[in-house]
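Participant:
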Amino acid sequence: MSDQDTSTRFIFKGADIRGNFVRISDSYRSAIAGHQYPEEIKHLLGEFLVAAQLMASTIKFEGKLTLQAKGNGAIRAVMAETSHDGKTRAIAQLAESAQPYDFASLKDGLLAVTIAPKGRQNYQSMVPMTGDNLAACLKHYFEQSEQLGTLFHLAVEPGRAAGMLIQQLPGQLETDEKLRSEHWRTTQILSDTLTPEELLEKDNQTILKHLFAEEDIQVLGATELNFSCSCSQERMAGALASLGSAELEEIFREEEKVELTCEFCSRSYEFNAATLTEILSRNEKLH
Ligand SMILES: [Zn+2]
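Taking my numbering, the leading residue of the sequence shown gets 51, the next gets one more, and so forth.
#1: Excluding the 5 residues flanking residue 152 on each side, which residues of the same chain have their C-beta closer than 7 Å to its C-beta?
#2: In this structure, what does DSSP give as the bridge partners for residue 318?
#3: Just list the residues that DSSP pairs residue 213 with in beta bridges.
#4: In the DSSP assignment, find the alpha helix (DSSP H) that holds residue 192 and state where it starts and stops.
#5: Tell me which residues share the same chain as residue 176 and place their Cβ nearer than 6 Å to its Cβ, disregarding the 5 neighbours each side in the sequence.
#6: Is the distance from the Cβ of residue 62 to the Cβ of residue 267 below 8 Å?
#7: Which runs of the beta strand (DSSP E) fall wholly inside the segment 98 to 167 and span at least 3 residues, in chain order?
#8: Going by Cα to Cα distance, which pick from 94, 115, 107, 189 is closest to residue 128?
#9: Does the distance between the C-beta of residue 317 and the nearest non-hydrogen atom of ligand 3 fall short of 7 Å?
#10: Would you mind giving the Cβ-Cβ distance between residue 131 and residue 119, rounded to the nearest angstrom? I have them listed as a contact below 8 Å.
#11: Per DSSP, residue 274 is paired with what?
#12: Considering only C-alpha positions, which residue in the set 260, 320, 303, 297 is nearest to residue 343?
#13: Are there three or more Cβ pairs, one per stretch, closer than 8 Å when the segment 270 to 289 is compared with the segment 300 to 314?
#14: Closest to residue 150 by C-alpha separation, out of 200, 123, 134, 166, would be which residue?
#15: Between which two residues does the alpha helix (DSSP H) containing residue 246 stretch?
#16: Between the alpha carbons of residue 180 and residue 155, how many angstroms are there, rounded?
#17: Looking at C-alpha atoms only, which residue of 145, 136, 60, 69 is the closest neighbour of residue 88?
#18: Residue 55 and residue 251 - do their beta-carbons sit closer together than 8 Å?
#19: Between residue 314 and ligand 1, is there a pair consisting of the residue's CB and a ligand heavy atom that are separated by less than 7 Å?
#20: Does DSSP put residue 286 in a helix, a strand or coil?
#21: Do residue 281 and ligand 1 come close, with the Cβ less than 7 Å from some heavy atom?
#22: Classify residue 233 as buried or exposed, calling it buried when 16 or more other Cβ atoms lie within 10 Å of its own Cβ.
#23: Quick one: grab the DSSP three-state call for residue 86.
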C-alpha cells in the first residue's frame with residue numbers, strides 16, 4: 051500500500067512514546083469537491099481532516115470523532131469528522147463578509163472534540179482557541195485534558211495534506227521521572243525540526259529515520275482512509291419531518307417536490323408528498 055490516504059501508527063520501542071502519520075489526497079479532494087471554498091478554507095479543512103484522524107489514532111473507539119472549531123468572525127465553523135475505520139468528511143461555514151478567512155478569525159472561539167461511540171452516549175470536551183494555528187490549539191487541548199505531552203505537525207498543499215503526531219504514554223518502560231521528561235524533551239526538540247515540506251515529500255520511514263536516528267521505532271499497521279458521507283434519503287426525510295406536519299403540508303401545497311442538498315457532499319435528495327409520507331411511516335415502524 052502506498053502512503054496515500056492512510057493513517058499509520060508507530061511506537062518507540064525503548065520509551066513510552068507513540069506516534070502516528072496521516073496522509074490524505076483522494077479523500078481530501080473528495081471532501082472539498084462540490085464546494086466553492088476559498089483557498090485558505092481548503093487549506094484549513096486539510097488541517098482539520100488530518101488532525102481529526104490523528105486524534106482518532108490516540109483513542110480506542112468504535113463510532114465517530116468530530117473535531118470542530120466555532121468562531122464569531124469570517125469563519126463561523128470548521129468541522130472534520132472521522133469514523134474508527136477511516137471514513138471522513140468535512141465542512142466549513144463562512145460568514146458573508148469581506149474579512150480574510152484566516153485562522154485568526156477563529157480566535158476567541160472554541161475548539162470542540164466530540165466522540166460518538168456506537169450505541170453509547172456522546173461525550174464532548176472543549177477548549178478556547180488559544181494558539182496561533184490548529185497544531186498549537188491541539189497541543190493545548192491535550193495539556194488540558196490528558197496531561198500527557200502531545201505534539202502535532204500539520205502540512206497542507208493543494209490537493210494533499212499530511213500530519214504527524216507524537217504522544218507521551220503513561221510511564222511503564224521509563225519509570226525514572228527525570229529520565230522520562232528528558233527523553234520527552236529531546237523527542238520534542240527533534241520532532242520540531244520537521245518541516246512541512248519534508249512531511250509532505252518524504253515517506254514515513256525516511257522521516258522517522260531522519261528525525262530519530264537513535265531510536266528503535268516500530269511502524270505498525272496502516273488504516274486506509276476514505277471520503278464517505280453518512281447522509282441518506284432516510285436521514286434527509288427525518289430532517290424534513292422535523293419541520294412538523296403542518297409546515298410540511300403547507301410546503302407541499304405550494305411545491306410539487308422539494309430538493310434537499312447535503313451540506314457535506316452536495317448530493318441532492320428529492321421528495322414529493324408521497325415519498326416523504328412513505329419514508330416517514332417506514333421510520334416510524336423502526337421505532
Ligand atoms: Zn452527504
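The beta carbon of each residue, even a glycine, is placed where N, CA and C say it ideally should be.
Facilitator: To lay it out plainly:
#1: So the qualifying residues of the chain are 90.
#2: Paired residues: 311.
#3: DSSP lists 72, 204 as the bridge partner or partners of residue 213.
#4: Per DSSP, residue 192 belongs to the alpha helix (DSSP H) from 184 to 195.
#5: Closer than 6 Å at the Cβ level, and outside the excluded window around residue 176, lie 160, 162.
#6: For residue 62 and residue 267, yes; Cβs fall inside 8 Å.
#7: At a cut-off of 3 residues, the continuous stretches assigned as beta strand (DSSP E) that sit fully inside the segment 98 to 167 are 113 to 120, 125 to 133, 137 to 144, 160 to 167.
#8: Ranking 94, 115, 107, 189 by CA distance to the CA of residue 128 puts 94 first.
#9: This structure lacks ligand 3; the ligands present are ligand 1.
#10: Beta-carbon to beta-carbon, residue 131 and residue 119 are separated by about 13 Å, too far to satisfy the 8 Å threshold.
#11: Beta-bridge pairing by DSSP links residue 274 to 56.
#12: Limits of the chain in this structure are 51 at one end and 337 at the other, which puts residue 343 out of reach.
#13: Judged by Cβ distances under 8 Å, the segment 270 to 289 makes contact with the segment 300 to 314, as three or more pairs qualify.
#14: Of the candidates 200, 123, 134, 166, the one whose C-alpha sits nearest the C-alpha of residue 150 is 123.
#15: It spans 246 to 251 - the alpha helix (DSSP H) in which residue 246 sits, taken as one unbroken run.
#16: Here the alpha carbon of residue 180 sits roughly 12 Å from the alpha carbon of residue 155.
#17: Here the closest residue by C-alpha is 145.
#18: Result no, Cβ atoms of residue 251 and residue 55 do not sit closer than 8 Å.
#19: In this structure, residue 314 has its CB closer than 7 Å to one or more heavy atoms of ligand 1.
#20: Of the three classes helix, strand and coil, the one that applies to residue 286 here is helix, per DSSP.
#21: Relative to ligand 1, residue 281 has its C-beta within less than 7 Å of a heavy atom.
#22: Around the CB of residue 233, 16 or more other CB atoms lie within 10 Å, so the residue is classed as buried.
#23: Taken through DSSP and simplified to helix, strand or coil, residue 86 comes out as coil.
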